[in-house]
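Structure first, commentary second.
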Amino acid sequence: MSRSAVDIAKSARAAFEASQLLTSEQRSNALLAVREELERCKEEVLVANKRDMSAAQEQVAAGKLSAPLVKRLDLSSSEKWASMLQGVTDVANLPDPTNKVTYATKLDDDLELYRVTCPIGVLLVIFEARPEVVVNIASLAIKSGNAAILKGGKESSHSSKILAECIRNALSRSNISEDFIQVVQTREEISELLEQD
């Protein structure tokens, strides 16, 4: 049974709230688990990507899609796959972006003002048909402590869905809820999400 966009938003918010006491090390470990799961799921992802590629090539033949877009959809090159995985590791190794004082000033006796970096909450990210962007954005969201709901281009729907499932599987075995990262597929879901607070 598919969940409504409102249910997705509520579960993402709950996952975000539950994650606020996690350490940077726990978030980095979750990212390393994501990388391992992506390595394990590679064949499934490539099968889904092949479906997206075939459908896109039919659209190109019909004159409804540009040929360069098809190339951007392709995850089968070993360089692109390795680069995607290395990106997860690179993000895991970044310094913690949260709890950094970026500005401080004394306003009055016993009154000081501080600007401190912190997670926003739940991100809704809409992007073009590049399936590896699911992994890129999910990695950055996890590292920064933000839950994310992702919507990629319809041309990469099968790839995006399986990549998100792999990420969610990895998160389910970590200290972070699998609902921290989710994917929606339709414009109707986006419209419903945009109506939320």
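Okay, so the sequence shown: first residue is 162 according to the working numbering, each after it adds one.
Where a beta carbon is used, it is the ideal one built from N, C-alpha and C, also for glycine.
Cβ-Cβ separation, Ala217 to Val208 (assumed contact under 8 Å), whole Å:
With 8 Å as the limit, Val208 and Ala217 do not qualify as a contact, their Cβ atoms being about 15 Å apart.
Below 6 Å CB to CB, which residues in the same chain sit around Ile337 once its five sequence neighbours on both sides are set aside?
Counting only Cβ-Cβ distances below 6 Å, and skipping sequence neighbours, we find Ser180, Ala191.
Please tell me whether Ser300 and Val195 are closer than 8 Å, where the distance is taken between their beta carbons.
Yes, they are a contact pair.
Taking the beta strand (DSSP E) that Gln187 falls in, what are its first and last residues?
Counting along the chain, Gln187 falls outside any beta strand (DSSP E), though it belongs to the alpha helix (DSSP H) covering 185-201.
Is the Cβ-Cβ distance between Leu246 and Glu204 less than 8 Å?
Contact flag unset, no.
Under a Cβ-count criterion, where at least 16 other Cβ atoms within 10 Å of its own Cβ denotes burial, should Leu355 be classed as buried or exposed?
Sixteen is the threshold: since fewer than 16 other Cβ atoms of the shown chains lie within 10 Å of the Cβ of Leu355, the residue is exposed.
Which class does Arg276 belong to by DSSP, given the choice of helix, strand or coil?
The answer is strand: DSSP assigns Arg276 an E or B state.
State the beta-bridge partners of Ala265 as determined by DSSP.
Bridge partners of Ala265 according to DSSP: Tyr275.
What residues in its chain sit with their C-beta under 6 Å from that of His319, if we drop five residues either side in the sequence?
Apart from the 5 residues on each side of it in sequence, His319 sits with its Cβ closer than 6 Å to the Cβ of Ala209, Arg212, Asp213 in its chain, given in chain order.
Val252, buried or exposed, once every other Cβ within 10 Å from all chains shown has been counted against 16:
So Val252 counts as buried.
Any idea which residues DSSP pairs Gln343 with across the strands?
Gln343 is bridged to Ile310.
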